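Peer 1: Residues in the sequence shown are numbered consecutively from 1, following UniProt numbering.
Encoded as structure tokens, here's the structure I'll be asking about.
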Amino acid sequence: MHRRLTAPGALAAASVLLAIPASAASGSPGAPGIGDPYYPAYGNGGYDVSHYDLRLKYRPATDELEGTATILAKTTQDLSRFDLDFLLDVSEVRVDGAVAAFATSGEHELVVTPKKTLAEGAQVTVVVRYRGVPSSKQAYGFTSWHRTPDGGVGANEPEAAWWWFPSNDHPLDKATYDVSVQVPDGTQALSNGTLQSTSSRAGWTRFNWRSGKPQATYLATLAVGRFDLTTGTTESGIPVVNAYSRDLGDNAGAARASVERTGEIADWLSGYLGPYPFDALGGYVPNTNTGYALETQTRPFYSPRQFAGGSNTSVVVHELAHQWYGDFVSVAGWKDIWLNEGFARYAQWLWSEHEDEGTAREIADYVYASHPADDAFWTVKPGDPGPENQFDIAVYDRGALAVQALRDELGDEAFFAVLKGWPREHAYGNATVSDFVRYAERVSGRQLGALFDAWLFQPSKPAASAARTAAAAKAAAAPAQPKSWKKIAATNDVHAH
Ligand SMILES: [Zn+2]
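Here is the structure:
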């Protein structure tokens with residue numbers, strides 16, 4: 001995933017808008033950020049979105065995107081004006097049908113001032129007309145838009161939406177989506193969820209995608225290019241749509257041999273994590289030159305480079321495990337990233353065991369022994385790593401060690417009950433690390449504060465668990481590298497920048 005160079009400062013109220021005369025219900029401006037201490041300007045205050053309807057047209061030859069976004073929201077305060085997060089060029093904004101004033105502010109704020117103050121609790125419809133060349137736009141000196149030889153892709157974490165639709169860009173504000181994209185005939189447009197229909201007219205083909213379950217903005221994706229689509233159905237009846245760029249070259253076979261395992265892997269994961277929570281499934285591999293993958297909801301994004309060393313089902317396990325840990329239940333704030341990455345990584349360890357390439361216990365022992373006490377690895381606190389270390393390797397590997405430590409403490413029966421019960425507990429919502437600690441304590445009847453403090457919040461190497469000590473005593477030498485290790489480690493490129 002993307003890692004920021006510098007955390008953005010809180011936005012000054014640098015608005016150039018005309019002062020709005022105070023009236024009976026004067027209201028106040030919505031905050032320019034939703035209140036995430038890692039990213040103060042991300043998301044916005046004053047409203048909550050329930051649905052995005054995006055009607056888009058994209059020209060691969062020139063990377064031009066034009067669109068109309070219809071946003072359904074409910075105000076959470078008397079609102080004199082509000083922000084959306086967006087980078088493309090806006091030509092018109094309407095609020096409840098009436099033309100609204102707008103201006104840009106900060107790195108990615110679109111400030112909208114409706115004619116009249118919006119009352120708290122009102123259902124509001126915002127229409128934004130826009131166009132632009134996404135690859136020409138940057139915020140904080142980076143872009144999340146991948147230009148490809150045959151089109152473009154929007155996929156990144158924590159930010160991707162700014163380049164293709166205006167939004168309240170924070171996981172706390174989930175919504176449903178209809179994404180309709182018109183592209184030249186012979187080109188495909190991919191997004192999340194189910195493909196409702198396609199139609200062709202005058203040299204253009206329109207693809208209509210629907211995501212009927214709440215989805216965080218960073219989990220929404222758009223990809224346009226020349227793709228081959230494959231379809232299937234999981235054992236549990238979920239329709240699968242995968243897509244592969246026609247220009248994957250030497251990586252084409254390995255990519256398909258991995259991503260075509262999606263249905264099987266989702267079925268396998270549901271044995272540990274509960275029923276698959278969405279009505280669509282798949283994955284896509286565009287011909288980007290990036291190195292990472294992302295758990296875009298129902299349809300993860302994979303870079304071809306993930307498969308440069310041959311097939312890798314471990315990365316598919318990682319991104320599909322996120323469908324429960326990350327997508328079904330999303331972080332309440334970006335400091336809660338362990339709830340995503342610690343568990344997606346642990347799922348890879350379970351898959352290794354399933355494939356007879358090293359047990360979770362063996363991998364945990366190997367990781368633990370690989371990092372001596374003075375390794376900087378142990379200074380990263382997975383439970384609150386800071387924005388600069390949000391995607392540090394320790395969030396993944398130390399994070400998964402914390403999951404193994406919980407398993408050691410609870411025993412398999414209680415541990416697997418927690419692992420499977422947690423996603424359902426916060427279905428389609430958000431949660432914090434402390435919510436998880438409380439949940440694990442409630443299910444197990446154990447006090448777990450000290451255990452989680454040592455593994456998630458101390459900048460030092462925790463003492464080995466009794467289980468690990470016993471395993472180490474049996475093996476005279478240092479733990480051997482598990483067979484699956486290289487494939488699991490290859491997933492790390494996923495998150496390198
Ligand atoms: Zn991940």
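No residue lacks a Cβ here, since even glycine has one placed at the ideal position from N, Cα and C.
Being a predicted model, the structure only gives us computed values, none of them experimental.
1) Measure the CB-CB distance between L84 and L118 and report whether it falls below 7 Å.
2) Cβ atoms of A321 and A293: under 7 Å apart, would you say?
3) Assign E362 to one of two classes, buried (16 or more other C-beta atoms within 10 Å of its C-beta) or exposed (fewer than that).
4) What is the rounded straight-line gap between the Cα of Q138 and the Cα of L87?
5) Going by beta-carbon coordinates alone, are A402 and G445 separated by less than 7 Å?
6) Can you have a look at R131 and say buried or exposed, based on whether 16 or more other CB atoms are within 10 angstroms of its CB?
7) Along the chain, where does the beta strand (DSSP E) containing G253 start, and where does it finish?
8) At the level of alpha carbons, what is the spacing between S270 and Y276?
9) Under a Cβ-count criterion, where at least 16 other Cβ atoms within 10 Å of its own Cβ denotes burial, should D468 be classed as buried or exposed?
10) Tell me whether E341, by its Cβ, gets closer than 6 Å to a heavy atom of ligand 1.
11) Measuring from the CB of A344, is there a heavy atom of ligand 3 at a distance below 6 Å?
12) Residues in the same chain with beta-carbon distance under 7 Å from P479, minus the five sequence neighbours each way, listed in chain order, please.
13) Anyone know if the C-beta pair for S245 and N287 falls short of 7 Å?
14) Comparing alpha-carbon positions, which option in R210, G225, F328 lies nearest A189?
15) By Cβ distance below 7 Å, which residues in the same chain neighbour V443 in space, the five residues on each side in sequence not counted?
16) Starting from F142, follow its DSSP beta bridges and name the residues at the other end.
17) Between which two residues does the alpha helix (DSSP H) containing R206 stretch?
18) Taking 6 Å as the limit between beta carbons, can you name the residues of its chain near N242, skipping five residues before and five after?
19) Per DSSP, which residues does A175 bridge with? Please list them.
20) Would you report the Cα separation of R206 and P385, rounded to the nearest angstrom?
21) Check whether the Cβ atoms of H354 and A175 lie closer than 7 Å to each other.
22) On a CA-only basis, which of Y346, T113, A373, P60 is nearest A360? Give me that one, please.
23) Report the residue ranges of all beta strand (DSSP E) runs contained in full by the stretch 72 to 152; include only those spanning at least 3 residues, in chain order.
24) Between the Cα of E388 and those of P37, V183, G27, P29, spot the shortest distance and give me the residue it belongs to.
25) Which partner residues does P184 have in the DSSP bridge list?
26) How far does the beta strand (DSSP E) with R442 in it extend, from its first residue to its last?
27) Between which two residues does the beta strand (DSSP E) carrying T233 extend?
28) Mind the definition here: the stretch 451 to 462 touches the stretch 371 to 381 only if three or more C-beta pairs lie below 8 Å; say whether that holds.
29) Out of S236, Q297, D178, which has the shortest C-alpha to C-alpha gap to E264?
30) Compare the Cα-Cα distances from E157 to each of T187, A202, A216 and report the closest residue.
31) Only counting the same chain, and skipping five residues up and downstream in sequence, which positions put a Cβ closer than 7 Å to that of D397?
32) So, helix, strand or coil for A280, using DSSP?
33) Is A254 closer than 7 Å to G291 when the C-beta atoms are compared?
34) Between H108, S303, K486, T313, which has its C-alpha nearest Y159's C-alpha?
35) Quick check: what's the CA-CA separation for H371 versus A252?
Peer 2: Taking the structure as given:
1) Within the sequence shown, residue 84 is the residue found at index 84, counting from 1. Within the sequence shown, residue 118 is the residue found at index 118, counting from 1. No, these two residues do not count as a Cβ contact at 7 Å.
2) On the sequence shown, position 293 is the one that residue 293 refers to. On the sequence shown, position 321 is the one that residue 321 refers to. No, these two residues do not count as a Cβ contact at 7 Å.
3) Here the question's residue 362 lines up with position 362 in the sequence shown. With 16 or more other Cβ atoms within 10 Å, it is buried.
4) Start at 1 with the first residue of the sequence shown, and residue 138 comes out as number 138. Start at 1 with the first residue of the sequence shown, and residue 87 comes out as number 87. Roughly 8 Å between the two C-alpha positions.
5) Translated into positions along the sequence shown, residue 402 becomes position 402. Translated into positions along the sequence shown, residue 445 becomes position 445. Taking C-beta atoms as the reference points, A402 and G445 fail to come closer than 7 Å.
6) What you label residue 131 is simply residue 131 of the sequence shown in a count that begins at 1. Exposed, because fewer than 16 other Cβ atoms sit within 10 Å of the Cβ of R131.
7) Position 253 of the sequence shown, counted from the first residue, corresponds to residue 253. No beta strand (DSSP E) contains G253, which is instead part of the alpha helix (DSSP H) from 252 to 259.
8) Against the sequence shown, residue 270 aligns to sequence position 270. Against the sequence shown, residue 276 aligns to sequence position 276. C-alpha separation (whole angstroms): 6 Å.
9) Taking the sequence shown and counting its residues from 1, one reaches residue 468 at position 468. Here the sequence assigns Arg to residue 468, which means Asp is not the residue at that position. Buried, since its Cβ has 16 or more Cβ neighbours within 10 Å.
10) Taking the first residue of the sequence shown as position 1, residue 341 is located at position 341. Under cutoff, so the answer is yes.
11) Questions concerning ligand 3 fall outside what the structure shown contains, since the ligands it does hold are ligand 1.
12) On the sequence shown, residue 479 is found 479 positions in, with the first residue counted as 1. These residues qualify, in order along the chain: E362, D365, Y366, A369.
13) One-based indexing of the sequence shown puts residue 245 at position 245. One-based indexing of the sequence shown puts residue 287 at position 287. Yes. Within cutoff.
14) As a position in the sequence shown, residue 189 is number 189, starting the count at 1. With distances taken between Cα atoms, A189 lies closest to G225.
15) Residue mapping note: residue 443 aligns to position 443 of the sequence shown, counting from 1. Taken in chain order, the residues that qualify are A414, A417, V418, G421.
16) Here residue 142 is taken as the residue at index 142 of the sequence shown, counted from 1. Per DSSP, A139.
17) Against the sequence shown, residue 206 aligns to sequence position 206. Element bounds for R206: not the alpha helix (DSSP H) but the beta strand (DSSP E), 204 to 215.
18) Numbered from 1 along the sequence shown, position 242 holds the residue referred to as residue 242. The residues are T230, V259, G282, G283.
19) Translated into the one-based positions of the sequence shown, residue 175 becomes position 175. Q215.
20) Stepping through the sequence shown from its first residue, residue 206 is reached at position 206. Stepping through the sequence shown from its first residue, residue 385 is reached at position 385. Straight-line Cα distance between these residues: approximately 43 Å.
21) In the sequence shown, counting from the first residue as 1, residue 354 sits at position 354. In the sequence shown, counting from the first residue as 1, residue 175 sits at position 175. It is not a contact, given that the beta carbons lie outside the stated cut-off.
22) What you label residue 360 is simply residue 360 of the sequence shown in a count that begins at 1. Measuring from the Cα of A360, the nearest candidate turns out to be Y346.
23) 82 to 85, 89 to 95, 101 to 105, 109 to 113, 123 to 132, 145 to 148
24) As a first step, residue 388 is located in the sequence shown; it is residue number 388 there, counting from the start. Cα-wise, what sits closest to E388 is P37.
25) Against the sequence shown, residue 184 aligns to sequence position 184. P184 is bridged to W204.
26) For the purposes of this step, residue 442 is identified with residue 442 of the sequence shown, where counting begins at 1. Per DSSP, R442 lies in no beta strand (DSSP E); the unbroken alpha helix (DSSP H) holding it starts and ends at 433 to 444.
27) As a position in the sequence shown, residue 233 is number 233, starting the count at 1. Counting along the chain, the beta strand (DSSP E) containing T233 begins and ends at 227 to 233.
28) Contact holds: three or more Cβ-Cβ distances are below 8 Å.
29) In the sequence shown, the residue the question calls residue 264 occupies position 264. The shortest C-alpha separation from E264 is found at S236.
30) The residue labelled residue 157 in the question sits at position 157 within the sequence shown. Cα-wise, what sits closest to E157 is A216.
31) On the sequence shown, residue 397 is found 397 positions in, with the first residue counted as 1. Correct list, in chain order: R345, V367.
32) As a working note, residue 280 is residue 280 in the sequence shown. Residue state, collapsed to three classes: coil.
33) Numbered from 1 along the sequence shown, position 291 holds the residue referred to as residue 291. Numbered from 1 along the sequence shown, position 254 holds the residue referred to as residue 254. No. Outside cutoff.
34) What you label residue 159 is simply residue 159 of the sequence shown in a count that begins at 1. Checking the sequence, you will find Glu at residue 159 rather than Tyr. Checking every option, the nearest Cα to that of E159 belongs to H108.
35) Within the sequence shown, residue 371 is the residue found at index 371, counting from 1. Within the sequence shown, residue 252 is the residue found at index 252, counting from 1. Distance between the alpha carbons of H371 and A252 is about 36 Å.
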